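Chemist: Sequence lines, in order, name chains R and W. Mapping to the UniProt record's numbering: the first sequence position 141 is 141, numbers consecutive. Mapping to the UniProt record's numbering: the second sequence position 162 is 162, numbers consecutive. Ideal Cβ positions, reconstructed from N, Cα and C, are used throughout, including at glycine. Treat the numbers as computed from the prediction; the structure is a model and nothing was measured. Below: one structure in structure tokens.
Number of protein chains: 2
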Amino acid sequence: MANFSTGDAKKLFVGPGFSLADISPQSTPHFKGDKDKLEHEFEEIDKELSELQEMLYANWRAKVPGTGSVLIVLQGMDTSGKGGMIRHVIGTLDPQGVDLAAFGPPTEEEKAHDFLWRIRNKLPRIGHIGVFDRSHYEDVLIHRVHELTPLEEVEKRYGMIRDFEHELAKNGTRIIKVMLHISPEFQRENLLKRLDREDKYWKFNPGDIDERAFWDDYQQAYEIALRRTSTPDAPWYCVPSDNKPYARMVVKYLLLDALRSMDMSWPPADFDIETQRRRLAAT
Amino acid sequence: MANFSTGDAKKLFVGPGFSLADISPQSTPHFKGDKDKLEHEFEEIDKELSELQEMLYANWRAKVPGTGSVLIVLQGMDTSGKGGMIRHVIGTLDPQGVDLAAFGPPTEEEKAHDFLWRIRNKLPRIGHIGVFDRSHYEDVLIHRVHELTPLEEVEKRYGMIRDFEHELAKNGTRIIKVMLHISPEFQRENLLKRLDREDKYWKFNPGDIDERAFWDDYQQAYEIALRRTSTPDAPWYCVPSDNKPYARMVVKYLLLDALRSMDMSWPPADFDIETQRRRLAAT
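What follows is the structure, given as structure tokens:
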């Protein structure tokens with residue numbers, strides 16, 4: 001019996017009564033194997049992921065009606081492993097089928113539009129797996145914590161986000177929202193590593209230490225956002241992430257589940273195979 | 001002694017007197033190892049490639065003045081392995097540092113501009129490795145073969161391309177242009193495979209067989225394009241590609257060479273390390 005499954009991953013769904021404090025960042029829920037060998041646990045599904053990704057891409061290229069896309073939204077505190085997730089999980093996919101977008105502070109042009117404008121601009125193409133490194137959730141996280149937007153505006157955004165994501169889902173996008181949940185102690189360790197190695201200095205920003213003073217406010221903002229925007233067609237998963245290989249495994253299984261649920265097959269030939277074989281032989 | 005080197009890869013440079021007919025698509029020039037074990041030959045440089053890619057990205061993030069980019073242009077006949085190159089070579093890089101663009105037939109909007117407009121739009125960001133799957137060279141290849149543009153206009157484009165690429169190079173882009181050189185027999189085999197397997201039908205286009213009738217015209221158009229646009233700062237490499245692992249190895253070494261030539265180092269800390277350690281310890 002496998003040590004983990006898509007069903008196990010989906011148990012991390014943020015449902016009614018969700019409380020962030022109930023989830024230990026160090027834990028590895030539902031994983032039945034050896035925690036120290038987690039790195040190798042998820043390799044076995046790479047082949048299936050790769051095949052399903054190609055099938056999705058093929059359906060787009062062959063213009064099969066109803067072909068959808070996948071959107072993975074990654075959120076988490078600094079050093080929670082968003083970059084590593086992209087490198088190690090998304091990096092095993094074929095880059096031709098991946099649409100990656102990172103959202104930093106908005107540019108002047110982006111600020112001239114509503115907060116979802118830049119998000120819509122970066123939505124994955126049909127047949128592609130989109131990955132958002134941060135997202136429209138920053139507009140209800142940092143904006144709530146630092147009051148960058150009046151609270152009554154922030155309050156409206158939860159509903160706007162639900163509507164937006166519902167529209168995406170209806171248009172055929174499988175949405176997977178992942179909060180990489182880490183502890184403040186784990187973040188301290190990670191930041192210290194960035195100060196210890198010259199090849200990590202570039203990742204260090206003194207402002208990250210200032211933000212630690214707002215840890216509890218961020219946790220609260222996350223809890224509110226997750227509770228209000230986790231829906232059946234745009235689910236949030238709260239993934240304990242002090243153990244990085246565990247978090248990566250979970251995301252792989254969530255992606256696998258999304259791809260399987262599309263119930264795809266290879267596009268049929270839209271030409272007569274024997275005719276083409278004869279034509280080719282004649283060249 | 002290694003079986004291949006960056007110096008070996010650079011010997012495939014298209015220089016004066018280049019003749020495509022002199023290069024056998026089946027050959028594996030300068031490779032001194034066992035051809036059947038080529039798949040494993042290039043793995044040893046993955047670690048260095050990965051480190052240099054991260055360093056390039058780090059220099060961009062740290063806003064180090066003069067940070068450049070890399071642009072790999074992939075051209076070749078149908079089934080020459082452009083997609084596989086992206087999947088297997090570019091796919092081993094961190095997707096966060098890769099800017100990938102595929103150029104198909106131009107859209108109406110693209111046709112409303114000069115032929116370099118859509119190319120400029122997709123140039124890699126500073127600190128990134130850009131990969132073009134087809135490129136502005138289609139405008140002197142298929143356009144020449146099928147006279148989609150009057151010949152006198154096509155003739156002007158070689159100079160425009162040289163100027164454009166020279167400007168890019170001066171702006172800090174290391175350009176690597178690769179022609180994946182295959183034989184018509186190898187293409188026939190590849191097309192037959194697409195007719196043999198249901199998971200390959202989507203890649204087959206009956207028009208690809210029609211294009212085989214123009215094989216010699218394409219070879220001539222390639223030869224002209226390569227001769228006229230291979231310059232020291234925007235070199236073409238003609239890479240025999242009937243042996244796919246060989247072609248992939250060559251591109252890895254060319255990329256390695258470009259990254260090494262940037263002579264980078266890790267960006268220095270722009271903060272006092274001890275101060276930050278103390279601040280962090282206090283949180």
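Does the stretch 95 to 104 of chain W touch the stretch 122 to 142 of chain W, meaning 3 or more C-beta pairs lie closer than 8 Å?
Modeler: Verdict: yes, contact present.
Chemist: Just verifying my parser: in three-state terms, what is the DSSP assignment at S50/R?
Modeler: Numbered from 1 along the first sequence, position 50 holds the residue referred to as residue 50/R. The answer is helix: DSSP assigns S50/R an H, G or I state.
Chemist: What residues from the stretch 35 to 67 of chain R come within 7 Å of chain W, judged by C-beta to C-beta, listed N to C?
Modeler: Contacts with chain W (Cβ-Cβ distance below 7 Å) from the stretch 35 to 67 of chain R involve A58, R61 and A62, listed in chain order.
Chemist: I need the straight-line Cα distance from Q220/W to I119/W, nearest angstrom please.
Modeler: As a working mapping, residue 220/W is identified with position 220 in the second sequence. As a working mapping, residue 119/W is identified with position 119 in the second sequence. Taking the straight line from one Cα to the other gives about 24 Å.
Chemist: Can you pull the chain W neighbours of D199/R, defined as C-beta to C-beta under 7 Å?
Modeler: Working through the first sequence from its first residue, we reach residue 199/R at position 199. The contacting residues are W266.
Chemist: Taking the beta strand (DSSP E) that F186/R falls in, what are its first and last residues?
Modeler: Along the first sequence, one-based indexing puts residue 186/R at 186. No beta strand (DSSP E) contains F186/R, which is instead part of the alpha helix (DSSP H) from P184 to D196.
Chemist: Return the chain-ordered list of same chain residues with a C-beta closer than 7 Å to the C-beta of G17/W, the five sequence neighbours on each side being excluded.
Modeler: The count along the second sequence starts at 1 and reaches residue 17/W at position 17. Nothing listed; no residue qualifies.
Chemist: How big is the Cα-Cα spacing for V140/W and P106/W?
Modeler: For the purposes of this step, residue 140/W is taken as the residue at position 140 of the second sequence. For the purposes of this step, residue 106/W is taken as the residue at position 106 of the second sequence. If you take the alpha carbons of V140/W and P106/W, they lie about 14 Å apart.
Chemist: Indicate whether the contact test is met: 3 or more Cβ pairs, each with one atom in the stretch 240 to 253 of chain W and one in the stretch 155 to 172 of chain W, closer than 8 Å.
Modeler: no
Chemist: Once DSSP output is grouped into helix, strand and coil, what is the label at S261/R?
Modeler: Taking the first sequence and counting its residues from 1, the one referred to as residue 261/R is at position 261. Helix.
Chemist: Listing by chain order, which chain R residues have their CB less than 8 Å from the CB of V98/W?
Modeler: Against the second sequence, residue 98/W aligns to sequence position 98. Within chain R, the residues near V98/W are P95.
Chemist: Can the beta-carbon of L256/W be found closer than 8 Å to that of E48/W?
Modeler: Your numbering for residue 256/W matches position 256 in the second sequence. Your numbering for residue 48/W matches position 48 in the second sequence. Cβ atoms of L256/W and E48/W: closer than 8 Å.
Chemist: Between the C-alpha atoms of V64/R and A58/R, what's the straight-line distance to the nearest angstrom?
Modeler: Your numbering for residue 64/R matches position 64 in the first sequence. Your numbering for residue 58/R matches position 58 in the first sequence. Each residue's Cα considered, the two are about 9 Å apart.
Chemist: Consult DSSP for H181/R and reduce its assignment to one of helix, strand or coil.
Modeler: Sequence index remark: in the first sequence, residue 181/R carries index 181 (1-based). Strand at H181/R.
Chemist: I need the DSSP call for P240/R, collapsed to helix, strand or coil.
Modeler: On the first sequence, residue 240/R is found 240 positions in, with the first residue counted as 1. It is a strand residue.
Chemist: Contact criterion: CB-CB distance below 8 Å. Does I273/R meet it with respect to chain W?
Modeler: Indexing the first sequence from 1 puts residue 273/R at position 273. Closer than 8 Å: yes.
Chemist: For H40/R, count neighbouring Cβ atoms within 10 angstroms of its own Cβ and tell me buried if that reaches 16, exposed if not.
Modeler: As a working mapping, residue 40/R is identified with position 40 in the first sequence. Exposed.
Chemist: Given this structure, state the Cα-to-Cα distance separating D61/W from L195/W, to the nearest angstrom.
Modeler: On the second sequence, position 61 is the one that residue 61/W refers to. On the second sequence, position 195 is the one that residue 195/W refers to. A small correction: the amino acid at residue 61/W is Arg; Asp does not occupy that position in the sequence shown. Distance between the alpha carbons of R61/W and L195/W: 46 Å.
Chemist: Can you pull the chain R neighbours of Q276/W, defined as C-beta to C-beta under 8 Å?
Modeler: Residue 276/W sits at position 276 when you count from the first residue of the second sequence. In chain order: L195, F204, P206 and I209.
Chemist: Tell me, please, whether the stretch 166 to 176 of chain W touches the stretch 7 to 15 of chain W by the rule of three or more beta-carbon pairs shorter than 8 Å.
Modeler: no
Chemist: Going straight from the alpha carbon of E198/W to that of A269/R, what length do you get?
Modeler: Taking the second sequence and counting its residues from 1, one reaches residue 198/W at position 198. Taking the first sequence and counting its residues from 1, one reaches residue 269/R at position 269. Going from the Cα of E198/W to the Cα of A269/R covers about 8 Å.
Chemist: Taking 8 Å as the CB-CB limit, is residue 284/R close to chain W?
Modeler: Since the first residue of chain R shown is 1 and the last is 283, residue 284/R is not available in this structure.
Chemist: Mind checking the stretch 99 to 119 of chain R against chain W and listing, in chain order, the residues whose C-beta falls within less than 7 Å of any C-beta there?
Modeler: L100
Chemist: Under 9 Å Cβ-Cβ, which residues of chain W neighbour A269/R?
Modeler: In the first sequence, counting from the first residue as 1, residue 269/R sits at position 269. The contact set of A269/R on chain W, defined by CB atoms closer than 9 Å, consists of L195, E198, Y201, W202 and F204 in chain order.
Chemist: For L141/R, decide whether its Cβ has a neighbour in chain W, counting only Cβ atoms nearer than 8 Å.
Modeler: Taking the first residue of the first sequence as 1, we reach residue 141/R at position 141. By this cut-off, L141/R is not an interface position.
Chemist: Measure the C-alpha to C-alpha separation of M249/R and I90/R and round it to an integer number of angstroms.
Modeler: Translated into the one-based positions of the first sequence, residue 249/R becomes position 249. Translated into the one-based positions of the first sequence, residue 90/R becomes position 90. For M249/R and I90/R, the distance between alpha carbons rounds to 12 Å.
Chemist: Output yes or no for whether 8 Å exceeds the beta carbon distance between residue 317/R and T6/R.
Modeler: What is shown of chain R runs 1 to 283, which leaves residue 317/R out entirely.
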